[in-house]
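With positions in the sequence shown counted from 1, the corresponding number in our numbering is that position plus 6.
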Amino acid sequence: MSISDERQFFGEASPQQKGLLASRSARRSGDPRIQKYYEGHRQRLRTRFSEAGAEALSDYELLELLLFRTIPRADTKGLAKTLIEAFGSIAEVFGAPPHRLREIPGAGDAVVQDLKLVEAIMKRALRAQVQRKHVLSSWMQVLDYCRATMAFEEREQFRILFLDKKNCLIRDECQQVGTVDHTPVYPREVIGRALELSASALILVHNHPSGDPNPSRADIEMTKLIITTAEPLGITVHDHIIIGKHGHASMKGMSLI
């Protein structure tokens, strides 16, 4: 960022963003007071995490700890707070698409890569909890995995969990990606893939980027068509789950199927 850019930034930025840029300018000038401040703050935060655990820290402080590794010589409190304010929660920070993260001053390529790396690790860990397990008896883990995978996507995704005759997960696949409010779903393709995998049951999942998980009439009709197509082939559709940013809806739980 050039000096003229910094002047413009100071005129438009929030107090947190101004503080981040000010600390960078001070470090460039070699001000030892700034270096002493942020190094002492980092050590205090690390000590609290080590001695009292994650529950003793707020969301932005946990995010700070991660950013310490990405930005080794800066006060990252302002950036951590700005990210959570911009996206609404720590979960939404990790789920945000890279291009939106880069819109935040201070969130360069290294920050974006590390945030997406953490998101990928979380998804992989949650998926491992449901793989080859009896899915119907691990329902909350299934919901956690689906939420982490789909809740913050900007476009609708249609995902299928394929289960064997013991209701253990064989495969989890995103079959279609659509627009912000529609995903094309073809029942023949759904059942054809189930037959390829020798699946005995399915759980259908899709997200609503609007945040409202309530099923539309089209969602209900499409689900019933898949059920009608699957039944003669001995394939059961256990549920169709719709994921929103702040919750989910189960068509079976709502007695819609």
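Don't be surprised by glycine CBs; every beta carbon is placed ideally from N, CA and C.
Small disclaimer: the values here were computed from a predicted structure and weren't measured.
Residues 163, 213, 249 of the same chain have their beta carbon placed closer than 6 Å to that of residue 156, with the five preceding and five following residues left out of the count. Under DSSP, the beta-bridge partners assigned to residue 242 are 207. Note that the stretch 86 to 93 does not touch the stretch 145 to 155; fewer than 3 beta-carbon pairs, one per stretch, sit closer than 8 Å.
Remark: C-beta atoms of residue 161 and residue 184 approach each other more closely than 8 Å. If you draw a 10 Å sphere on the C-beta of residue 165, you find 16 or more other C-beta atoms in it, and that means buried. Sixteen is the threshold: when 16 or more other Cβ atoms of the shown chains lie within 10 Å of the Cβ of residue 219, as they do, the residue is buried. In the DSSP assignment, residue 173 forms no beta bridge with any residue. Two segments are said to touch when three or more pairs of C-beta atoms, one from each, lie closer than 8 Å; by this definition the stretch 126 to 133 does not touch the stretch 223 to 242. Beta-bridge partners assigned by DSSP to residue 119: none are found. Ranking 61, 159, 203 by CA distance to the CA of residue 178 puts 203 first. For residue 167, DSSP records a beta bridge to 178, 209.
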